[in-house]
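Asker: Under this note's numbering, the first residue of the sequence shown is numbered 380, with each subsequent residue one higher.
From the three backbone atoms N, C-alpha and C, an ideal C-beta is built for every residue, glycine too.
Note that the structure is predicted; figures quoted are calculated from it, not measured.
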Amino acid sequence: MLSSPKDTDRFDKYLEILQERVPWSEKIILPYAEHLYIVAKDGKRIIKCDCGYEFGDYRENWKLNALIYVRDTEEKLLEIYPKYMSTNTNYQELREYFCPQCKTLLDVEAVPPFYPPIFDFLPDIDAFYKEWLKRDPPDATNKETTK
380 MLSSPKDTDR FDKYLEILQE RVPWSEKIIL PYAEHLYIVA KDGKRIIKCD CGYEFGDYRE
440 NWKLNALIYV RDTEEKLLEI YPKYMSTNTN YQELREYFCP QCKTLLDVEA VPPFYPPIFD
500 FLPDIDAFYK EWLKRDPPDA TNKETTK
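(1) For K455 and V490, what's the separation of their Cα atoms in angstroms?
(2) Pick helix, strand or coil for F390, following the three-state DSSP scheme.
(3) Could you tell me which of Y476, E453, K462 sits nearest to N469, measuring between CA atoms?
(4) Since Y432 and Q480 are thought to touch, with beta carbons under 8 Å apart, how far apart are those beta carbons, to the nearest angstrom?
(5) Would you report the Cα separation of W441 and I497, rounded to the nearest angstrom?
(6) Which two residues bound the contiguous beta strand (DSSP E) that contains L473?
(7) For T525, does the count of other Cβ atoms within 10 angstroms reach 16, so buried, or fall short, so exposed?
(8) Applying the 10 Å Cβ sphere with the 16-neighbour rule, what's the burial state of F434?
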């Protein structure tokens with residue numbers, strides 16, 4: 380519980396700090412995950428990594444454009460787990476998702492074998508800006524944002 384109200388411009392301050400930390404100029408619309416951002420580029424909203432690698436449209440699963448290392452054998456699991464502390468590979472595998480450009484580990488999933496990559500979430504950017512921040516998104520003149 381906060382003892383005092385939050386700063387009304389806290390989100391803008393956060394975006395400003397994030398924007399200063401990345402080497403590219405496209406405007407960050409929304410932080411998506413650690414090292415990943417939804418940015419406005421050429422009239423579209425895309426997911427971009429810290430390093431500048433572009434994963435594509437934010438409405439599509441970025442993991443399909445990542446490097447994926449699957450730990451689906453006991454030998455691979457023993458690289459990171461002590462013996463008898465890892466999962467049974469008949470029931471679960473670990474998927475590690477890396478940026479193809481900078482090789483940063485972006486996500487890890489523990490899923491049943493053959494399970495499709497998990498789509499983390501699809502933010503309603505327009506509603507967030509209009510209903511929560513009480514303003515238009517930074518790319519509001521873009522006609523493709525409402526598709």
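Answerer: Considering the structure as presented:
(1) Mapped onto the sequence shown, residue 455 falls at position 76. Mapped onto the sequence shown, residue 490 falls at position 111. So the two alpha carbons sit approximately 15 Å from each other.
(2) Start at 1 with the first residue of the sequence shown, and residue 390 comes out as number 11. In the structure shown, F390 sits in a helix (DSSP, three-state: H, G or I).
(3) Counting from one through the sequence shown, the residue named residue 469 turns up at place 90. Answer by Cα proximity: E453.
(4) Counting from 1 along the sequence shown, the entry for residue 432 is found at position 53. Counting from 1 along the sequence shown, the entry for residue 480 is found at position 101. That belief holds up - the Cβ atoms of Y432 and Q480 are roughly 4 Å apart, short of 8 Å.
(5) Walking along the sequence shown from the start, residue 441 turns up at place 62. Walking along the sequence shown from the start, residue 497 turns up at place 118. For W441 and I497, the distance between alpha carbons rounds to 10 Å.
(6) As a position in the sequence shown, residue 473 is number 94, starting the count at 1. Residues 472-477.
(7) The residue given as residue 525 occupies position 146 in the sequence shown. Confidence at T525 is low in this model, with a pLDDT of 45, below 50, so the placement of that residue should be treated as unreliable; the coordinate-derived value is given next. Result: exposed.
(8) Position 55 of the sequence shown, counted from the start, is the residue given in the question as residue 434. Result: buried.
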